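A.B. asks: Chains A and B, in that order, give the protein sequences.
Each residue of the first sequence is one higher than the last, beginning at 22 in the working numbering.
Each residue of the second sequence is one higher than the last, beginning at 8 in the working numbering.
All residues carry an ideal CB built from backbone N, CA and C; glycine is no exception.
Fair warning: this is a prediction, and the values are worked out from it, not measured in the lab.
Quick one: this structure, given as structure tokens, is what I'll be asking you about.
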Amino acid sequence: MPAGAVTALGDVDIRVDAHDYVAITGPSGCGKSTLLHILGCVDQPTAGSLVFEGRDVSTLKESDRSRIRLTRIGFVFQRFFLLPMLTAWENIELPQAEAGAAKPARRDRTRELLDYVGLAGRRDHRPSQLSGGEMQRVAIARALANRPALLLADEPTGELDEETGAQIASLFDRVHGDGTAIVVVTHNPAVAARAGRHLAMKSGRVITS
Amino acid sequence: MTAWGLAWRTIARSPARSVLAVAGVTVIGALLFNMLLLSRGLLVSFRDLLDNAGYDIRVIAAQGSMAHRPPIADATSLAEAIARLPEVESIALVRTDLGQVSAPGENAAWTPIELIGMTDSKGGGWTIVKGSPLPTGPSAGEPPVVVNTTLASMLHLEPGSRLRLRLTSAGSASALPLVTVRVIGVGGFAFEASGDLNVATTMAGFAVAHGTPADRQAEMVLVASRPGAAAPALAAIARLRPDVRVLSNDQVMAQFNENAFSYFRQISAVLSSMTLAFAFLLIATLLTMSVNQRLGEVAALRALGFPRRRIAANLLWESALLVGIGGTAAIPVGGVLAIILDRILRQMPGVPARLHFFVFEPRTVVLHAALLALTGAVAALYPIWLATRLPIAATLRREILS
Chain A
22 MPAGAVTALG DVDIRVDAHD YVAITGPSGC GKSTLLHILG CVDQPTAGSL
72 VFEGRDVSTL KESDRSRIRL TRIGFVFQRF FLLPMLTAWE NIELPQAEAG
122 AAKPARRDRT RELLDYVGLA GRRDHRPSQL SGGEMQRVAI ARALANRPAL
172 LLADEPTGEL DEETGAQIAS LFDRVHGDGT AIVVVTHNPA VAARAGRHLA
222 MKSGRVITS
Chain B
8 MTAWGLAWRT IARSPARSVL AVAGVTVIGA LLFNMLLLSR GLLVSFRDLL
58 DNAGYDIRVI AAQGSMAHRP PIADATSLAE AIARLPEVES IALVRTDLGQ
108 VSAPGENAAW TPIELIGMTD SKGGGWTIVK GSPLPTGPSA GEPPVVVNTT
158 LASMLHLEPG SRLRLRLTSA GSASALPLVT VRVIGVGGFA FEASGDLNVA
208 TTMAGFAVAH GTPADRQAEM VLVASRPGAA APALAAIARL RPDVRVLSND
258 QVMAQFNENA FSYFRQISAV LSSMTLAFAF LLIATLLTMS VNQRLGEVAA
308 LRALGFPRRR IAANLLWESA LLVGIGGTAA IPVGGVLAII LDRILRQMPG
358 VPARLHFFVF EPRTVVLHAA LLALTGAVAA LYPIWLATRL PIAATLRREI
408 LS
């Protein structure tokens with residue numbers, strides 16, 4: 022039996038500025054992740070538009086949207102999605118290589134990011150040899166690899182214990198302090214509390230901002 | 008990291024599955040390699056046999072074929088006329104008949120043989136391994152013969168041995184004489200089949216065995232043209248007599264290719280197609296399974312901005328690696344298999360023992376590689392489509408929920 026159409030988001034109008042730190046919260050199924058995916062140029066809205074750095078994303082080809090995601094937006098996922106056959110170093114280096122960065126620049130940036138997330142000593146470890154918190158830190162480093170203007174995180178502490186989640190939240194603070202805009206979808210009140218703006222969502226709408 | 012490097016790491020990540028996949032491609036590739044060898048093996052081998060016989064033109068009666076050769080009337084005159092052509096270097100007349108031989112002695116058993124009469128001492132197709140070749144001129148006394156190694160071994164014949172010979176032409180056996188012949192050589196016959204028993208003699212010896220004076224008949228005239236003069240020689244011979252067929256080695260090959268060899272070519276084509284279909288299914292299934300197991304990773308890579316072409320390149324390389332490693336291993340495995348199968352097939356009755364069914368040619372390796380590469384590329388199409396067209400957001404959501 023065909024399912025009826027579901028409106029995941031409706032009447033949402035938000036603006037994220039260069040140095041914003043936005044937390045999106047709400048019950049499961051309220052459209053938080055859909056909003057995040059639209060903000061990240063992963064999903065296309067069926068109506069309305071998304072303007073990123075002055076460009077209407079809905080008019081761009083998929084290859085151009087991919088390029089924006091690669092170079093201007095960083096993604097952090099709940100389940101990390103590190104490539105299991107690559108080391109921490111290689112996982113961080115991969116997006117830079119894809120973006121066309123030269124090898125010396127990649128090397129310097131990867132070393133810098135591993136230091137930044139406190140994993141310099143784990144550079145040659147594969148994801149299976151890292152803890153959940155360490156994997157998420159590698160994922161954050163990977164997301165920052167191409168110096169994005171916007172970092173999007175979907176339940177970044179969802180798979181972590183409270184203490185490790187707090188460490189990740191602190192890392193986000195640091196990333197934001199260094200000038201990267203962050204939008205984080207979270208159920209974790211401690212993470213949401215650190216954001217400068219808080220969007221509460223319900224049934225596909227932003228109810229408080 | 009290059010697409011190649013990433014593909015290699017992906018394959019190495021599941022060693023058991025990769026080893027099984029490579030083993031599968033190796034087995035399938037070996038069978039494909041065998042079928043490709045078989046598709047041209049007989050042609051190449053038979054061509055080699057023809058060329059090594061030392062003659063490039065064959066003249067037979069117009070109503071005959073290479074397999075069934077009725078006598079050419081007054082072949083001697085024809086041969087003399089051919090020999091006078093400036094394009095011709097040498098000629099030989101050939102006759103064959105069935106007969107029996109036995110060692111001297113009243114109670115010795117009779118052994119069936121094929122008797123070959125030739126005017127050429129080197130026989131245009133046998134190699135003397137013991138003793139001497141047939142004399143070029145007339146020889147006094149008992150007709151000289153060269154026997155093949157199988158007959159020599161069976162009857163313990165050596166140069167100097169004597170044999171009783173009688174022909175067994177249908178309907179005339181009782182009228183044919185029993186003659187004693189003298190073994191002067193033992194040789195390997197180019198066109199002999201496994202188990203064949205051959206005796207070769209001069210045309211004079213052949214006439215003695217028939218109990219008649221030389222009757223100027225022959226089944227075939229073999230002609231060696233001068234270098235570069237094969238085509239004009241062919242045309243000149245054809246003009247000499249309308250009641251003969253003049254065939255170049257190419258035409259003989261074409262005749263065999265249309266008839267006897269076409270079965271093997273068709274079998275080879277069918278089995279090659281089947282092996283390629285198996286290779287396609289194996290690779291497509293493995294890659295599809297592999298993609299389905301890492302949809303989350305693929306979606307994440309796409310979300311991180313990796314373009315579709317990069318995902319496609321990774322999968323193509325994975326396919327190329329599986330096919331490349333398996334296909335390379337298939338060559339030696341297929342080679343060994345070909346040797347075994349060749350040995351079995353050459354035991355078939357009536358097949359010249361020096362004829363090979365599986366003949367290695369560099370072009371076969373190239374064709375094998377090209378077919379496997381194409382199959383690998385086609386097999387990767389569906390997994391590539393699956394990976395590059397997946398809905399990123401929905402896949403990520405599903406992976407989180409699962």
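If you draw a straight line from the C-alpha of residue 275 of chain B to the C-alpha of residue 324 of chain B, how long is it?
C.D. replies: Each residue's Cα considered, the two are about 29 Å apart.
A.B. asks: Check each residue of the segment 58-79 of chain A: if its Cβ is closer than 8 Å to any Cβ of chain B, include it; give the result in chain order.
C.D. replies: Cβ contacts with chain B come from 58, 61, 63, 64.
A.B. asks: Where are the beta strand (DSSP E) runs, 3 residues long or more, that stay fully inside the segment 50-106 of chain A, in chain order?
C.D. replies: The qualifying runs are 94-97.
A.B. asks: State yes or no: is the beta carbon of residue 111 of chain A nearer than 8 Å to at least one beta carbon in chain B?
C.D. replies: For residue 111 of chain A, the answer is yes, since a Cβ of chain B falls inside 8 Å of its Cβ.
A.B. asks: Helix or strand or just coil, what does DSSP make of residue 117 of chain B?
C.D. replies: Coil at residue 117 of chain B, not helix or strand.
A.B. asks: Who does residue 98 of chain B pair with in a DSSP beta bridge?
C.D. replies: Bridge partners of residue 98 of chain B: B:230.
A.B. asks: Please decide whether residue 351 of chain B counts as near chain A, where near means a Cβ-Cβ distance under 8 Å.
C.D. replies: Residue 351 of chain B does not count as touching chain A.
A.B. asks: Using a Cβ-Cβ cut-off of 8 Å, state whether residue 55 of chain A counts as contacting chain B.
C.D. replies: Yes, residue 55 of chain A counts as interfacial toward chain B.
A.B. asks: To the nearest angstrom, report how far apart residue 300 of chain B and residue 393 of chain B are at their CA atoms.
C.D. replies: Their Cα atoms are separated by approximately 12 Å.
A.B. asks: Please report the residue range of the beta strand (DSSP E) in which residue 219 of chain A lies.
C.D. replies: Run containing residue 219 of chain A: 218-223, per the beta strand (DSSP E) assignment.
A.B. asks: Determine whether the Cβ of residue 402 of chain B lies closer than 8 Å to any Cβ atom of chain A.
C.D. replies: No, because no Cβ of chain A sits closer than 8 Å to the Cβ of residue 402 of chain B.
A.B. asks: Using a Cβ cut-off of 9 Å, which residues of the segment 307-341 of chain B contact any Cβ in chain A, in chain order?
C.D. replies: Result list: 307, 308, 309, 310, 311, 312, 313, 314, 315, 316, 317.
A.B. asks: Name the two residues that bound the continuous alpha helix (DSSP H) containing residue 40 of chain B.
C.D. replies: Note, residue 40 of chain B: alpha helix (DSSP H), 22-59.
A.B. asks: Assign residue 231 of chain A to one of two classes, buried (16 or more other C-beta atoms within 10 Å of its C-beta) or exposed (fewer than that).
C.D. replies: There is simply no residue 231 of chain A to check, as chain A begins at 22 and stops at 230 in what is shown.
A.B. asks: Let me know the secondary structure DSSP gives residue 116 of chain A once reduced to three states.
C.D. replies: In this structure, residue 116 of chain A counts as helix in the three-state DSSP scheme.
A.B. asks: For chain B, check one thing: does any of its Cβ atoms lie closer than 8 Å to the Cβ of residue 92 of chain A?
C.D. replies: Yes, its Cβ sits closer than 8 Å to a Cβ of chain B.
A.B. asks: Taking a contact to mean a Cβ-Cβ separation below 8 Å, would you say residue 365 of chain B touches residue 44 of chain B in this structure?
C.D. replies: Closer than 8 Å, so yes.
A.B. asks: Tell me whether the segment 41-51 of chain A and the segment 192-212 of chain A touch, counting them as touching only if at least three CB pairs, one residue from each stretch, are closer than 8 Å.
C.D. replies: Cβ pair count under 8 Å is three or more, so yes.
A.B. asks: DSSP three-state call for residue 8 of chain B: helix, strand or coil?
C.D. replies: If DSSP states are grouped into helix, strand and coil, residue 8 of chain B belongs with coil.
A.B. asks: Step through the CB atoms of chain B and report whether any lies within less than 8 Å of the CB of residue 88 of chain A.
C.D. replies: Chain B, which has a Cβ nearer than 8 Å to the Cβ of residue 88 of chain A, makes this yes.
A.B. asks: Is any beta-carbon of chain A found at less than 8 Å from that of residue 391 of chain B?
C.D. replies: So no, residue 391 of chain B is outside the interface.
A.B. asks: DSSP three-state label for residue 382 of chain B, please.
C.D. replies: Helix at residue 382 of chain B.
A.B. asks: Going residue by residue through the segment 134-201 of chain A, where are the continuous beta strand (DSSP E) segments of at least 3 residues, counting only ones entirely within it?
C.D. replies: Complete beta strand (DSSP E) runs here, min 3: 171-175.
A.B. asks: Note down, in chain order, every chain A residue with its Cβ under 8 Å from the Cβ of residue 8 of chain B.
C.D. replies: Within 8 Å Cβ-Cβ: 107, 111, 114, 115, 118.
A.B. asks: Measure from the alpha carbon of residue 175 of chain B to the alpha carbon of each residue in B:320, B:148, B:228, B:105, then state which is nearest.
C.D. replies: Nearest C-alpha to residue 175 of chain B: B:105.
A.B. asks: Check whether the Cβ atoms of residue 379 of chain B and residue 341 of chain B lie closer than 8 Å to each other.
C.D. replies: No.
A.B. asks: Would you kindly check if the distance between the Cβ of residue 311 of chain B and the Cβ of residue 56 of chain A is under 8 Å?
C.D. replies: Not in contact: residue 56 of chain A and residue 311 of chain B (Cβ atoms no closer than 8 Å).
A.B. asks: For residue 19 of chain B, go through chain A and note every residue whose CB falls closer than 8 Å to its CB, in chain order.
C.D. replies: In chain order: 106.
A.B. asks: According to DSSP, simplified to helix, strand and coil, what is residue 248 of chain B?
C.D. replies: It is coil, neither helix nor strand.
A.B. asks: Report back the beta-carbon spacing between residue 100 of chain B and residue 126 of chain B to the nearest angstrom; my notes put them in contact at under 8 Å.
C.D. replies: So it is a contact: roughly 5 Å between Cβ atoms.
A.B. asks: Would you call the segment 186-196 of chain A and the segment 142-151 of chain A touching, i.e. three or more CB-CB distances under 8 Å?
C.D. replies: Cβ pair count under 8 Å is below three, so no.
A.B. asks: Go to residue 404 of chain B, then tell me how far its alpha helix (DSSP H) extends in each direction, as first and last residue.
C.D. replies: Counting along the chain, the alpha helix (DSSP H) containing residue 404 of chain B begins and ends at 399-408.
A.B. asks: So, is the C-beta of residue 152 of chain A closer than 8 Å to a C-beta in chain B?
C.D. replies: No, residue 152 of chain A does not count as interfacial toward chain B.
A.B. asks: Could I get the ranges of all uninterrupted beta strand (DSSP E) runs contained in the segment 334-400 of chain B, with 3 residues as the minimum, in chain order?
C.D. replies: You should have found no qualifying run.
A.B. asks: Have a look at the DSSP bridge pairing and note the partners of residue 270 of chain B.
C.D. replies: Answer is none; residue 270 of chain B lacks a bridge partner.
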